[in-house]
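Report on one structure; see the data block that follows.
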Amino acid sequence: MRVLVTGGAGFIGSYICEQLLEKGYEVVVLDNLDPQIHGEQASWPTYMPEGTENHIGDVRDRELVRKLLAKTDAVIHLAAAVGVGQSMYKIEHYCSVSVMGTAILLEEILRVKDRIKKLIVASSMSIYGEGEYVNDKGGRVFPASRPLSQLKEGIWELLDSDRKVLKPIQVTEEKPLKPDSIYAINKRDQEEMCLAFGRAYEIPTVAFRMFNVFGARQALGNPYTGVVAIFSNKLLQDEAPMVFEDGHQKRDFVHVEDVARAYIMALESSSVDGYALNLGSGDSISVLEIAKTLANVMNKNITPVVTGKYRDGDIRHCFANIDLIKEKLGWEPKYTFENGVRTLLDWLKSESGIKTKNDSFEELKKMGLLK
Ligand code: UD1
Numbered sequence: 488m489r490v491l492v493t494g495g496a497g498f499i500g501s502y503i504c505e506q507l508l509e510k511g512y513e514v515v516v517l518d519n520l521d522p523q524i525h526g527e528q529a530s531w532p533t534y535m536p537e538g539t540e541n542h543i544g545d546v547r548d549r550e551l552v553r554k555l556l557a558k559t560d561a562v563i564h565l566a567a568a569v570g571v572g573q574s575m576y577k578i579e580h581y582c583s584v585s586v587m588g589t590a591i592l593l594e595e596i597l598r599v600k601d602r603i604k605k606l607i608v609a610s611s612m613s614i615y616g617e618g619e620y621v622n623d624k625g626g627r628v629f630p631a632s633r634p635l636s637q638l639k640e641g642i643w644e645l646l647d648s649d650r651k652v653l654k655p656i657q658v659t660e661e662k663p664l665k666p667d668s669i670y671a672i673n674k675r676d677q678e679e680m681c682l683a684f685g686r687a688y689e690i691p692t693v694a695f696r697m698f699n700v701f702g703a704r705q706a707l708g709n710p711y712t713g714v715v716a717i718f719s720n721k722l723l724q725d726e727a728p729m730v731f732e733d734g735h736q737k738r739d740f741v742h743v744e745d746v747a748r749a750y751i752m753a754l755e756s757s758s759v760d761g762y763a764l765n766l767g768s769g770d771s772i773s774v775l776e777i778a779k780t781l782a783n784v785m786n787k788n789i790t791p792v793v794t795g796k797y798r799d800g801d802i803r804h805c806f807a808n809i810d811l812i813k814e815k816l817g818w819e820p821k822y823t824f825e826n827g828v829r830t831l832l833d834w835l836k837s838e839s840g841i842k843t844k845n846d847s848f849e850e851l852k853k854m855g856l857l858k
């Protein structure tokens, strides 16, 4: 079976390719080697596994996509522009790469639809907007994002109409979608476009709503990369991580190898066809706890700086309920946060990129995204 992986040279894609190869699949990668992620030299990352058939190109290049689909049996669609803050000013670029890219891919899949046995699309927890909460009467609520006036006062938690603090709980797939950034809107579009297309043409299709994925190979120089990569990079250079808000905001960190395994399982099973599934660890951890765990594991006596600043478009809490994926796919994570962090640190120590400069803080300030 030949699998096309769009965006296959990225952090998550490379692990999916690796696990596909281990299972004997033929793997074709289409990736534009975006300089923001891969650096200016635009060469294939050294972490790419041996044995993939690699093509540099854009997912909006219809001729190329057609050529690559000619002998393909399944498609894993990861190609997208990635960066929540950046999506708020490079709007055309984000919509074009993510939405038009998906549109072109789907039109081309349609031409060979009888051969495509599976389509899996990378969606994101960002499409939920804020997570799920309960009020003091125990009722489930889906609050809107915090108003700017509240953030300006430094009141970080979600409040109900009586200004009582709401308690965060795990997010289920039933939660109404409230994407809050152009990136999130694009992710929702990608998910819904693929699922609607799959239903209409009876192509088994699955969407994974990934939570905060972490692990080795995450781009370190990209100012829009994830918080674990940003903090690890800082600590390795003996600098203090800069924590936004009060640091008590919670996320769900799922290890990249666990994530890749879910993709392979979905490829090989029909039990989740037509579903959009949370792909997280089911655990939650605060940003301050992340900084402290990383410092501990790295043996650094560095205290994070709690800035009291806030990032435009940030949600307060979001962590996954993973009952559906466990029940339907039989998947569950193998890594804990701490074990996962060790894989990242081993990689960082062996990487020549250790000293990669990452001024995400300065970049956000420059772009007016940090208040
Ligand atoms: C966002 C998206 C997610 C996407 C990911 C990577 C949302 C809700 N989620 O996740 O779908 O996959 O980006 O693009 O839009 N933080 C600091 N200091 C820093 C950096 C971050 O305190 O230097 C905090 C942030 O304010 C946030 C948390 O760490 O509270 C996580 O941030 P990040 O890793 O960027 O991921 P999300 O915003 O959760």
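Reading the sequence shown from the start, the letters are residues 488 to 858 in our numbering. We put the beta carbon where it would ideally sit given N, CA and C, even for glycine.
Cutoff 7 Å; reference residue i; Cβ partners in own chain excluding five residues on either side
| i | result |
| --- | --- |
| His804 | Gly618, Pro655, Gln736 and Lys737 |
| Ala782 | Leu722 and Ile789 |
| Gly641 | Gly795 |
| Lys558 | Arg489 |
| Asp745 | Pro820, Lys821 and Tyr822 |
Buried versus exposed, by CB contacts within 10 Å (16 or more), residue i
| i | result |
| --- | --- |
| Val584 | buried |
| Tyr576 | exposed |
| Val516 | buried |
| Asn519 | buried |
| Ala749 | buried |
| Ser839 | Any answer about Ser839 is weak, because its pLDDT of 49 lies below 50 and its placement is not dependable; what the coordinates show is given next. Per the 10 Å Cβ criterion, exposed. |
| Thr589 | buried |
| Pro522 | exposed |
| Cys504 | buried |
| Val621 | exposed |
| Ala807 | buried |
| Gly734 | buried |
| Glu732 | buried |
| Gln724 | exposed |
| Arg675 | buried |
| Gln657 | buried |
| Ser903 | What the structure shows of the chain is the stretch from 488 to 858, and residue 903 is not part of that stretch, so it cannot be assessed. |
| Ser530 | exposed |
| Asn833 | Note on identity: in this sequence residue 833 is Asp, with Asn being the wrong assignment. When all chains shown are included, Asp833 counts as exposed. |
| Ser757 | exposed |
| Glu595 | buried |
| Ser636 | exposed |
| Asn485 | As shown, the chain starts at 488 and ends at 858. That puts residue 485 outside it, with no answer to give. |
| Asp739 | buried |
Short Cβ contact (8 Å threshold) for residue i with residue j
| i | j | result |
| --- | --- | --- |
| His869 | Gly827 | Examination of residue 869 is not possible in this model, given that the chain is present from 488 through 858 alone. |
| His564 | Leu551 | no |
| Gly702 | Leu831 | yes |
| Val608 | Glu678 | yes |
| Val730 | Val774 | yes |
| Ile751 | Gln506 | yes |
| Ala778 | Pro728 | yes |
| Val569 | Thr493 | no |
| Phe824 | Ile772 | yes |
Cβ shell of residue i (< 6 Å), same chain only, five flanking positions each side left out
| i | result |
| --- | --- |
| Ile672 | Pro666 |
| Asp801 | none |
| Met854 | none |
| Asn709 | Gln523 and Ile524 |
| Tyr688 | Lys600 |
| Lys813 | Glu819 |
| Leu491 | Val515, Leu555, Thr559 and Val562 |
| Lys605 | Ala561, Pro691 and Leu754 |
Where the beta strand (DSSP E) through residue i begins and ends
| i | result |
| --- | --- |
| His564 | Ala561 to His564 |
| Phe740 | Phe740 to His742 |
| Ala694 | Thr692 to Met697 |
| Tyr620 | Glu619 to Val621 |
| Thr896 | A question about residue 896 goes unanswered here, because the residues of the chain that appear run from 488 up to 858. |
| Val490 | Arg489 to Thr493 |
| Ile642 | Careful: Ile642 lies outside any beta strand (DSSP E) and carries neither H nor E. |
| Ile543 | Glu540 to Ile543 |
| Gly766 | One detail in the question is off: residue 766 reads as Leu in this sequence, not Gly. Unbroken beta strand (DSSP E) run through Leu766: Ala763 to Leu766. |
Cut-off 8 Å between Cβ atoms - residues of its own chain near residue i, not counting five sequence neighbours on either side
| i | result |
| --- | --- |
| Gly761 | Leu682, Gly685, Arg686, Pro691, Thr692 and Val693 |
| Gln705 | Phe498, Thr712, Gly713, Val715, Ala716, Val743 and Leu831 |
| Thr780 | Ile772, Phe824, Glu825 and Val828 |
| Arg627 | Glu619, Tyr620, Val621 and Ile656 |
Start-to-end residues for the alpha helix (DSSP H) that takes in residue i
| i | result |
| --- | --- |
| Pro655 | Element bounds for Pro655: not the alpha helix (DSSP H) but the beta strand (DSSP E), Lys654 to Ile656. |
| Glu505 | Phe498 to Glu509 |
| Lys639 | Leu635 to Lys639 |
| Ile669 | Ile669 to Tyr688 |
| Leu722 | Val714 to Leu723 |
| Glu513 | Glu513 -> not in any alpha helix (DSSP H); beta strand (DSSP E) instead, spanning Glu513 to Asp518. |
| Ala727 | From DSSP, Ala727 is part of no alpha helix (DSSP H); its letter is neither H nor E. |
| Ile486 | Outside the displayed span of the chain (488 to 858) sits residue 486, for which this structure offers no information. |
| Ala609 | Here Ala609 belongs to no alpha helix (DSSP H); instead the beta strand (DSSP E) covers Lys605 to Ser611. |
Residue i CB to nearest heavy atom of ligand 3 below 7 Å
| i | result |
| --- | --- |
| Gly526 | By its list of ligands, the structure shown excludes ligand 3, since it contains just ligand 1. |
Could you say if the stretch 589-603 and the stretch 629-640 meet the contact criterion of at least three C-beta pairs nearer than 8 Å?
No, they do not touch.
Three CB pairs or more closer than 8 Å across the stretch 688-698 and the stretch 605-622
Yes, the stretch 688-698 touches the stretch 605-622.
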